[in-house]
Every structure is written in C-alpha cells, then in structure tokens.
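In the numbering used here, the protein residues as written are 3 to 396.
Glycine included, C-beta positions come from ideal geometry on N, C-alpha and C.
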Ligand SMILES: Cc1ncc(COP(=O)(O)O)c(C=O)c1O
Ligand SMILES: Nc1c(O)cccc1C(=O)C[C@H](N)C(=O)O
C-alpha cells in the first residue's frame, strides 16, 4: 500500500527528506485551492461562507486531524499558528492550577514554545518560572510545584521521542496539567491522545500533514474539561453565538472556544484536500515503514561516512520519524546535498537533519541519499565556498 508517491507533486530528480519541516504538495490540493479561490470566492463572494460552507471548514478539518491523533470528533479546533495555540493552551492550563508557579518544559523544545512561555510569564507578572531540564531529566523534574508540563513529543532537532503515556501519568500524579506539542508527531506516528488523558495538545499541519506553508495549526482540549477552559484570546469566533454580536463574551461549549478570528479559508480547503492522502492509510503501517527507512539510512550512512556521528536515539522506539547526524561544519554539507538533489536541513549548531515520510519516500531513495552523502563527504565537495554562504532559512 505504501508509498503513494503518485499522490504528490514531487520535482523530478529530488529526494525529499524535509517533509518534517514542510510537506510536499499533494496533487488534489492545488485544484481544491484554485476552486476555493475562483469559484467560491470569485463566483460566490461573501455568500460562500454559507453556499460553500466555509464556516464549517475549521471544524470539519479539525475532525479529520482528530482521527489522525487519537482524539474524538469535536475535540480539535483549527486556525492561527502553532505559536498562538501554544500560548492559548499554556494560558488556559495555568488558570487551572492557581497557586502553582512552575512551567516545566525541556531545553530541547522548539524555541517558539519556550518563547511563548517566557512571554506569558512576563505578561502575567505573577512569579511564574520556566524550568527546562534536559529531555531525559524531565520525568524526575515533575514535582508538586509544577502547574503545567509542556513538551514537544518528538524533539525537532534530535528526533528523540518522549513517552507520552508515562510522562502524562507522572504529571497527573503530581497534580500538573499536561500539554503536548505534536508538531513532529501528527502524521508521523500513531498518537493515542485520548488514551494518554492529556488535557491539551497542539500542532501544525504543514509538516507531515502536507497542508502547505502557513497552514493552520490545531489545538485539542480534553472533552471533559473543555467547559472549564478559560480562553486567553477571547475572539469572536470562539464565542457561543458569534453572529449575536453580543458585546459580552460567552465561550462556545466545546473546543471551538479556542478559535480566535476569521479562519484562513484557502489554506483550510487546501489542507482538507491534502488530508485525502490519509484515506485508508494506517498509522501503524506508516510507523513500521518509517522505522525501516530510518534504520536503513542510519546503517547506510554509518557504513559510508565514518566522519559523521548519529545525533538521534539509536533505538527506533525512542525516535520519531527523523534521523539527525552531527558534523562540523554540517551547514555546507547540507547545502551540497541539496545541490545534488537530496533535500534535508541543518539545525544549529551542527545537526544535519533528515525526515522520513513513507507516503513518498522508499528504500531506494534512502540508499541513493546515503550514496550521495558519501560522495559529498569522501570527495570533500562540501568545501566549495558556494556551499558556505549562509541563507536566511536553513
Ligand atoms: C515543535 C514546534 N513548535 C512550534 C513550531 C512553529 O510554530 P509556528 O507554526 O507558529 O511557526 C515548530 C516549527 O516551526 C515546531 O517544530
Ligand atoms: N515553520 C517554518 C518556517 O516558517 C520556515 C522554515 C522552517 C519552518 C519549520 O517548520 C521549522 C521546523 N519546525 C523545525 O523543526 O525546524
């Protein structure tokens, strides 16, 4: 059943190992976006909110994402950016634990998650503290001072996987609220969000869900607590009756209260079409194929390139759907790889990062990518000065 390369627009001659940063364009998505623009917006104008049912699109897409992360229909809202959703989840979670002053994350978390916590702490000015131990020390750092544990399940740099079930249980045993960032999990591996019992989860849709650059983010609130969730950003589309235009805010009685303003309709319809590639796909099959691809890549690269060091967990069960290698200087090596048709990316200070997406990457791609890396390393092609010019986006 896998891979399903024919469902994607992939440029000829490119091995794309960066779907963990920006997924490729699914074939139906372009047509759907064009239809939304020309027929719905162009032809229907404002009537399209009803005639094309734009108003239901955020919830419809939320339900499709819910199906991919082990959440119940109605428990996932879409819109805004992941940074905003992190802020909302954290602000709501802190309100649920008055008297506790510690936010626990880890020092490997993606910068925006940490910045959101730092910014919120400053805004609240109520003595909150952000603690960021090493990822492997998080479980031991969960104490009864902790209000919220906020972690990204798969570390964006190393691919290290937190044990969602065990950490959530530990957080709850200590009386803390749990927030998971699923940016590098949704569409990458099976997630049992409802089974984990976490209160909140957030994520983006432009990586493994292939929603395109700037695609809307998502937020989950556990159904049994949602009516107690206090929205920090009380936007009109999170109101129980937006078109009542009531000057007083009254939140929707569902995760919809975590919506803020007007949904990005073109991106949402594109994402809706992009999610079609998951029809009939089992995430357990994806996980098994992803592990095979990662294992092959590690074995091939280690056999061919002794100068690089594995910077991801060696145990596949402790790793998401990416493999990182450390090398100094990694940046020009990645630029040379891109120039030779293998797209991965570089993360400072010295990480060469490769994402494995079984929907459109197969074993032959992985072996070819390792061969090209070997040529670049053994022939020193990366030393060419043109690969040392630093771009804005790495
Ligand atoms: C774990 C994680 N959180 C947040 C973000 C970014 O959030 P935003 O979509 O708001 O840029 C990323 C990637 O950019 C990420 O990997
Ligand atoms: N969101 C991105 C962007 O707007 C530009 C370049 C990269 C990104 C990313 O998503 C980076 C990604 N979260 C990472 O894991 O590094």
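(1) Below 8 Å between beta carbons: does that hold for residue 232 and residue 79?
(2) Using 8 Å for Cβ pairs, my map puts residue 363 next to residue 5. What's the rounded Cβ distance?
(3) Given the structure, does residue 358 come close to ligand 2, in the sense that its CB is under 7 Å from one of the ligand's heavy atoms?
(4) Can you tell me which residues fall inside 5 Å of ligand 1, judged by beta-carbon distance to its nearest heavy atom, and keep chain order?
(5) By a C-beta neighbour count over all protein chains shown, 10 Å radius and 16 as the cutoff for buried, is residue 351 buried or exposed?
(6) Going by the C-beta, is residue 392 closer than 7 Å to any heavy atom of ligand 2?
(7) Whole beta strand (DSSP E) runs in the segment 160 to 226 with 3 or more residues, listed along the chain?
(8) Can you tell me whether residue 281 is buried or exposed? The criterion is at least 16 other CB atoms within 10 Å of its CB, across all chains shown.
(9) Tell whether a beta-carbon distance below 8 Å holds between residue 348 and residue 325.
(10) Between the beta-carbon of residue 196 and the beta-carbon of residue 73, is there less than 8 Å?
(11) Is it the case that the segment 239 to 246 contacts the segment 208 to 228, given that we only count it when at least three CB pairs across the two stretches are under 8 Å?
(12) Starting from residue 327 and walking both ways along the beta strand (DSSP E), at which residues does that stretch end?
(13) Cα separation between residue 82 and residue 308?
(14) May I ask which residues mark the beginning and end of the alpha helix (DSSP H) holding residue 275?
(15) Specify, as a first and last residue, the run of the alpha helix (DSSP H) that residue 140 falls within.
(16) Got a sec? Which residues, its chain only, sit under 7 Å from residue 30 by beta carbon, not counting five neighbours each side?
(17) Assuming contact is defined by CB atoms lying nearer than 8 Å, are residue 19 and residue 344 in contact in what I supplied?
(18) With distances taken from CA atoms, which of 46, 116 and 56 is nearest residue 264?
(19) Residue 347 by DSSP, collapsed to three states: which one?
(20) Please say whether residue 269 and residue 346 have beta carbons closer to each other than 8 Å?
(21) What's the gap between the Cα of residue 372 and the Cα of residue 299?
(22) Run through DSSP, which three-state label would residue 95 get?
(23) What are the start and end residues of the alpha helix (DSSP H) that includes residue 33?
(24) Name the two residues that bound the continuous alpha helix (DSSP H) containing residue 288.
(25) Can we count residue 6 as close to ligand 2, meaning its CB is less than 7 Å from some heavy atom?
(26) Using the Cα positions of residue 296 and residue 304, report the straight-line distance between them to the nearest angstrom.
(27) Using 7 Å as the cut-off, classify the Cβ of residue 395 as near or not near the heavy atoms of ligand 4, replying yes or no.
(28) Compute the Euclidean distance between the alpha carbons of residue 193 and residue 15, then round it to the nearest angstrom.
Once the coordinates are examined:
(1) no
(2) 7 Å
(3) no
(4) 83, 84, 85, 112, 114, 154, 158, 183, 185 and 206
(5) exposed
(6) no
(7) 179 to 183, 202 to 205 and 220 to 223
(8) exposed
(9) no
(10) yes
(11) no
(12) 324 to 328
(13) 43 Å
(14) 267 to 276
(15) 140 to 143
(16) 275 and 278
(17) yes
(18) 56
(19) strand
(20) no
(21) 7 Å
(22) helix
(23) 29 to 37
(24) 285 to 306
(25) no
(26) 12 Å
(27) Ligand 4 is not part of the structure shown, which contains ligand 1 and ligand 2 as its ligands.
(28) 33 Å
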